[in-house]
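Numbering-wise (the numbering used here), the sequence shown opens with residue -4 and increments by one.
These notes are about the structure you will find just below.
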Amino acid sequence: YLQFQFKCDCYYTNGTEWMRYVKRYIYNQQQFVHFDSDVGLFVADSPLGEPSAKYWNTQTDELETARAEVDRVCRHNYGVGSPFSVDRRVQPEVEIYPMQSGSLPQTDRLVCYVTGFYPAEIEVKWFKNGQE
């Protein structure tokens, strides 16, 4: 049983200010060659990938197609997906509960649960009488 697969990744910095496209070729669960748009060439990841990288780097049509993928795939997909991911904003849901610790009869702690927000980066601060 042999398995051949490829995987394409798009990496974004500051929206579409800088994009990187990487296409990985995998044989029997081992990556053997990849194309990296930052390099602009196919790069061997193992001795098995050296013949493929050398050959594909001599094929101008193959190189032009691979180099264009950063725009055709990454830029396009960013435009299609950003309304559902990058531009998506969901306010957090906050629940605060008193909690008793140890054997004290009174509650002496508060527990705060913040859930349901998007994107993942969030800053939670505690204030008491207006002071952080």
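Using N, Cα and C, we set each Cβ at its ideal position, and we do this for glycine too.
Because the structure is a prediction, the values reported are computed rather than measured.
Paired residues, beta bridge with residue i - DSSP
{"i": "A39", "result": "V28"}
{"i": "F(-1)", "result": "Y22"}
{"i": "K123", "result": "Q126"}
Residue i in three-state terms, based on DSSP
{"i": "T102", "result": "coil"}
{"i": "P78", "result": "helix"}
{"i": "P114", "result": "coil"}
{"i": "E88", "result": "strand"}
{"i": "K49", "result": "helix"}
{"i": "R15", "result": "strand"}
{"i": "D66", "result": "helix"}
{"i": "D33", "result": "coil"}
Nearest-angstrom Cα separation, counted from residue j out to residue i
{"i": "V68", "j": "G125", "result": "49 Å"}
{"i": "F1", "j": "Q95", "result": "54 Å"}
{"i": "A115", "j": "F(-1)", "result": "34 Å"}
{"i": "W121", "j": "D56", "result": "59 Å"}
{"i": "S80", "j": "K123", "result": "34 Å"}
{"i": "G76", "j": "Q24", "result": "29 Å"}
{"i": "R83", "j": "V89", "result": "19 Å"}
{"i": "Y16", "j": "N52", "result": "16 Å"}
Contact test: residue i Cβ vs the ligand MN heavy atom, cutoff 8 Å
{"i": "Y16", "result": "In the structure on display, the ligand MN does not appear, and there are no ligands present to speak of."}
Residue i and residue j closer than 9 Å at C-beta
{"i": "L36", "j": "Y22", "result": "no"}
{"i": "M14", "j": "V85", "result": "no"}
{"i": "C107", "j": "I117", "result": "no"}
Inter-residue CB distance, residue i and residue j (contact presumed, cutoff 8 Å)
{"i": "T11", "j": "Y50", "result": "Contact doesn't hold; Cβ gap of about 32 Å is too wide."}
{"i": "C5", "j": "K18", "result": "Actually they do not touch by this definition, with Cβ atoms about 10 Å apart."}
{"i": "S179", "j": "F27", "result": "There is no way to answer for residue 179, as the model of the chain reaches only from -4 to 127."}
{"i": "P87", "j": "V109", "result": "5 Å"}
{"i": "V38", "j": "A48", "result": "6 Å"}
{"i": "R62", "j": "S32", "result": "7 Å"}
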